[in-house]
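A.B. asks: This is the structure I have questions about; it appears just below.
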Amino acid sequence: MSITANTVGRGAQSGWHKLVSAVSGLVARHGIIPVATIGFLHLAAIGLMAWYEASLYSMVVFLLTWGLLNFFWLVVLRRAAIAAALSLLLVVTLITFSEFKFGVLWIQVSFVDLMVIETDTAKYLLQVYPWLGWAVAAGVAVVIPVLGLVWWADPLRVRLRYAVAGFAVCFIGLIVAASAVELNDIEAYHGDSHVSYFARSGVKSVAELMTHGMLESDATVTERLKPAADTACKPGVKAPHIILVHDESSFDIRSAPGIKVPPKYGEHFKSFDGKERSLLVEGVGGPSWYA
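If you're matching positions, the sequence shown starts at 64 in this note's numbering and goes up one per residue.
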């Protein structure tokens, strides 16, 4: 036992000395400021991981995602500091939007949300929350000069083959880790582990898209609906022409108290004659389709 403990202790001490020597070499070649900047960016990511990730497993997924982002930017830009800065920017943006969505809808941001981003949704969001546009503009005004300064002062370069190898390792590791534990739909309502949940939902969504396509369906159908002439409806008078528009995702939020809506918000719910009509359907498991 003592020999094993001494061996492990010597190995850890040797690894620590190698790390210190490597950092000292980087400082000697490039200066303390660039190395400290990169260290601060990675420590900031570790801090976000410790604050938001709720389990050891989610922390592992976070680290793999963080490595994947860094190596992606290293493949593209070959600069270590700007790669860490852009990766941290993406992580902070994801956490901010996920916290915002959870505060409004009690559900986190998932990979599927990337598929429904379009201009009308963004326009409506800015109309409901006017301060959000100013916040985004202020953030862009601050972030762009900072990224430019980091780019200008970044002397560290990473060889392409190392960046590609690191990206491949993190990519495969993320797929294996995300596939090892099934993603439960209830996790979207936890309000934590934003980065790891988003990464795991990405692996799950892409796998289902590659396996089943956009809509899951059988390859062949062996049965057909049989017409039932004896049960057909035979009205006594000529039936009117009815056009039903099934607007699946619309809901008049004015029915909830204390909600501010933009001007002319109610125009969306009016018929062609200017009147508002409603149809109330109660059911469980797809009442919109029952309607």
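Here a beta-carbon is modelled for each residue, glycine too, at the ideal position from N, C-alpha and C.
In chain order, what residues of the same chain have a beta carbon less than 8 Å from the beta carbon of S65, not counting five sequence neighbours either side?
C.D. replies: Per-residue confidence for S65 stands at a pLDDT of 48, beneath the threshold of 50, marking its modelled position as unreliable; no derived number is given.
A.B. asks: Based on Cα-Cα distance, which residue from L132, L106 and F163 lies nearest to V232?
C.D. replies: Closest by alpha carbon: L132.
A.B. asks: Name the DSSP bridge partner or partners of R220?
C.D. replies: R142, per the DSSP bridge assignment.
A.B. asks: Let's test the definition: count the other Cβ atoms within 10 Å of the Cβ of T128 and tell me whether it reaches 16, buried, or not, exposed.
C.D. replies: The residue in question, T128, is buried, as its Cβ has 16 or more Cβ neighbours within 10 Å.
A.B. asks: Do the region 255-264 and the region 142-160 meet, that is, are 3 or more Cβ pairs less than 8 Å apart?
C.D. replies: Yes: at least three Cβ pairs fall under 8 Å.
A.B. asks: Note the first and the last residue of the continuous alpha helix (DSSP H) segment covering C256.
C.D. replies: Per the sequence shown, the amino acid found at residue 256 is Ser instead of Cys. Where S256 is concerned, there is no enclosing alpha helix (DSSP H), given that its DSSP letter is neither H nor E.
A.B. asks: Between the alpha carbons of L104 and S334, how many angstroms are there, rounded?
C.D. replies: Going from the Cα of L104 to the Cα of S334 covers about 54 Å.
A.B. asks: Taking its Cβ as the centre, do 16 or more other Cβ atoms sit within 10 Å of A68, making it buried, or is it exposed?
C.D. replies: Here the model assigns A68 a pLDDT of 48, short of 50, so the residue's position is not dependable, and the following value carries that caveat. Answer is exposed; the Cβ neighbour count stays below 16.
A.B. asks: Report, in whole angstroms, the separation of the C-beta atoms of V244 and Y115, which I expect to be a contact under 8 Å.
C.D. replies: Going by Cβ atoms, the distance from V244 to Y115 rounds to 18 Å, so no, they are not a contact pair.
A.B. asks: Rounded to whole angstroms, how far is the Cβ of F230 from the Cβ of F134, which I believe are closer than 8 Å?
C.D. replies: F230 to F134, Cβ: 4 Å. Contact.
A.B. asks: Compute the distance between the beta-carbons of I238 and V266, then report whether it is under 8 Å.
C.D. replies: In contact: I238 and V266 (Cβ atoms closer than 8 Å).
A.B. asks: Does the distance from the C-beta atom of V221 to that of A148 stay below 8 Å?
C.D. replies: Against a cut-off of 8 Å, the Cβ pair of A148 and V221 comes out as no contact.
A.B. asks: Can you grab the Cα-Cα spacing for the pair E339 / I306, in whole Å?
C.D. replies: Roughly 16 Å separates the two Cα atoms.
A.B. asks: Can you tell me whether E162 is helix, strand or coil according to DSSP?
C.D. replies: If DSSP states are grouped into helix, strand and coil, E162 belongs with the helices.
A.B. asks: With distance defined between alpha-carbon atoms, name the residue in Y225, L126, S268 and G202 nearest to A107.
C.D. replies: Looking at the Cα atoms, L126 is the closest of the given residues.
A.B. asks: Going by DSSP, which residues form a beta bridge with L333?
C.D. replies: Note that residue 333 corresponds to Lys in the displayed sequence, not to Leu. Paired residue(s): E339.
A.B. asks: Quick check on the burial criterion: 16 or more other C-beta atoms within 10 angstroms. Buried or exposed for I95?
C.D. replies: Counting Cβ neighbours within 10 Å, I95 comes out exposed, since fewer than 16 surround it.
A.B. asks: DSSP three-state label for K267, please.
C.D. replies: K267 falls in the helix class under three-state DSSP.
A.B. asks: Out of E162, D217, V139 and V206, which has the shortest C-alpha to C-alpha gap to T100?
C.D. replies: Comparing Cα-Cα distances from T100 to each of E162, D217, V139 and V206, the minimum goes to D217.
A.B. asks: Could you tell me which of I207, I170, L140 and F314 sits nearest to L152, measuring between CA atoms?
C.D. replies: Nearest of I207, I170, L140 and F314 to L152, Cα basis: I207.
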